[in-house]
Amino acid sequence: MTTQPLHQRTEAILRRLLRKRAAAGVRKVLAKTRPEDVAAAMGVMTHAERRNLFKLIDDYDTQAQVLSAMKRDLVQETTREMTEEHVVELLERMDPDDATDVVEALPDELRARVMHNLSEEPNDEVSELLAWPSDSAGGIMSPLVFKMPESATCGEAIAALQESGESFETVFYVYVVDSRDKLVGVVSLRTLLVHPPRTPLVSIMESDVISVGPREDQEEVARYVARYDLLAVPVVDEDRRLMGIVTVDDVVDVIREEAAEDMLLMAGVQQPDVDITRGTTWSLARVRAGWLLATTCGGVLADRVFHLYDEAVPIAVLAGMIPVVMGIGGNVGIQSATLAVRGLATGTIQLSGAWTFALREVRVGVLLGFGYGTLLGLYGLFTGWPDPLLGLTVGLSVVLSISFASIVGSILPMGLHRLGVDPAVATGPLVTSTIDVTGILVYFNVARLILGM
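Going by my numbering, the sequence shown opens with residue 335, and the numbers climb by one from there.
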């Protein structure tokens, strides 16, 4: 089948053909489009368009591939209009890990009926995967693993792969197990092919195998793949019996999902139980209101601090630079916080090295502070501020504000992480509020000290 990548023109053609009810034209486009691209196109269609397009996919194998590539909410919507027999037929044509994702998206009542009607082998495989949390290694692994006994040779492994290779979703490695199915080594396909057929697998295998347990968080699995350049990670139980593998394509999905989730959480516009692309107005407002309250409280506190100095400091003289001092400090704090959250998420920053990272950020903050403090001081000098000391006040305030913002932005996420709080959820609002309050305190106290007010 000749395929072409999906783009906006293809989506537009599909939607236009659907509106014209040109079934033959739709089928021609579908024949030239990958199932994954069809699923992506359905994500931007109306409910009626998705329903009609899915019905025009005549081949059950293609339907199964499209369904497995859909997002969770679209799976729910699409399967809601199917008979349970139809759902079962599609599930039995999927790989176990894809079938598990679809089953998880089904309503509880339909899920129970579908599981009851699945044939024995896929039922057992899906049930085993459903036993683990969906965001764990056990939840995203594939139980179909190409493994060979430790007594096997390279020739026997190649023959076994040729005989049954189509039953495996992907094969990157040969996993070597002992008589009790315990993982004892791994051989890459390249290594397998470049050695003579009579070579024992145990003589060329890597015995120090990087593996994970079934309860390992999917983000940690992604770190292993990234750090060691793996194409798959074996999942083993407490006795190192091989349970399955997590392949690199699943890890890419994890990285994309977790990165998007962390960005939304840090901005305070996401909650685990709300889809921000399809939620109601009320639910979306509720999601975004929570941490805005923290920002509001920070602003109120800053206002009270502001009024503590309304008699001691001539507000009119300094008020014009308040947004600059607060804004530049806030931006630097968010930059440091973003680096800290990303480092914690990817594993490049460990709590044991928190002070090293924080000191580096403070040095960067001081350098930025001196640069921008000098720039603003010169601005005041050349634009005719009534007192040259005002320029020194603003410049020093910027240095101190940026330095403190670097400390808060780098330390706060790691402190939240140590307390068991997801730093992506709370960092943004807390950093902003803290730096606003401290920025005003620094600014007015420096003015008091330098200007003698």
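Ideal Cβ positions, reconstructed from N, Cα and C, are used throughout, including at glycine. Just so we're clear, the structure is a prediction, and the values are computed from it rather than from any experiment.
Worksheet entry | Closer than 7 Å: A374 CB and nearest the ligand ADP heavy atom | For the ligand ADP, the structure offers nothing, since it holds no ligand at all.
Practice prompt. Could you check if S735 is buried or exposed, using at least 16 other CB atoms within 10 Å of its CB as the buried criterion?
Written response: buried
Worksheet item: Taking all protein chains shown into account, do 16 or more other C-beta atoms lie within 10 angstroms of the C-beta of A357, making it buried, or fewer, making it exposed?
Response: exposed
Worksheet item: Run through DSSP, which three-state label would P530 get?
Response: coil
Worksheet item: So, are the CB atoms of L364 and I391 less than 8 Å apart?
Response: yes
Worksheet item: Given that a residue counts as buried once 16 or more other Cβ atoms are within 10 Å of its Cβ, and exposed if not, what is Y394?
Response: exposed
Fill in: Rounded C-alpha distance that separates K362 from T413
24 Å
Worksheet item: Considering only C-alpha positions, which residue in the set F480, T766, A471 is nearest to V569?
Response: A471
Worksheet item: Secondary structure at D429, three-state DSSP: helix, strand or coil?
Response: coil
Worksheet item: Between V521 and Y507, is the Cβ-Cβ spacing less than 8 Å?
Response: yes
Fill in: Integer-rounded CB distance, given that G699 should sit under 8 Å from S731
At roughly 14 Å, the Cβ-Cβ gap does not stay under 8 Å, so S731 and G699 are not in contact.
Practice prompt. Use the C-beta contact count for G754: other C-beta atoms within 10 angstroms, 16 or more gives buried, fewer gives exposed.
Written response: exposed
Practice prompt. Could you round the C-beta distance between G664 and V742 to whole angstroms and report it? I think they count as a contact, below 8 Å.
Written response: 10 Å between Cβ atoms; not a contact.
Worksheet item: If you run the structure through DSSP and keep just helix, strand and coil, what is T504?
Response: coil
Item to complete: With distances taken Cα to Cα, identify the nearest neighbour of E383 among R524, V728, E345.
Response: E345
Worksheet item: What is the DSSP secondary structure of E484, reduced to helix, strand or coil?
Response: coil
Worksheet item: Who are the Cβ neighbours of G473 in its own chain at under 7 Å, not counting the five residues just before and after it?
Response: L463, W466, P467
Worksheet item: Under the three-state reduction of DSSP, which class applies to L576: helix, strand or coil?
Response: strand
Discussion item. Under DSSP, the beta strand (DSSP E) around G729 begins and ends at which residues?
Written reply: Premise fails: G729 lies in the alpha helix (DSSP H), 722 to 752, not in any beta strand (DSSP E).
Worksheet item: What residues in its chain sit with their C-beta under 8 Å from that of S541, if we drop five residues either side in the sequence?
Response: V518, G519
Worksheet item: Are there 16 or more other CB atoms within 10 angstroms of the CB of W625, so buried, or fewer, so exposed?
Response: For W625, the predicted model reports a pLDDT of 49, less than 50, meaning its position is unreliable; a value from the coordinates is still stated below. Buried, because 16 or more other Cβ atoms sit within 10 Å of the Cβ of W625.
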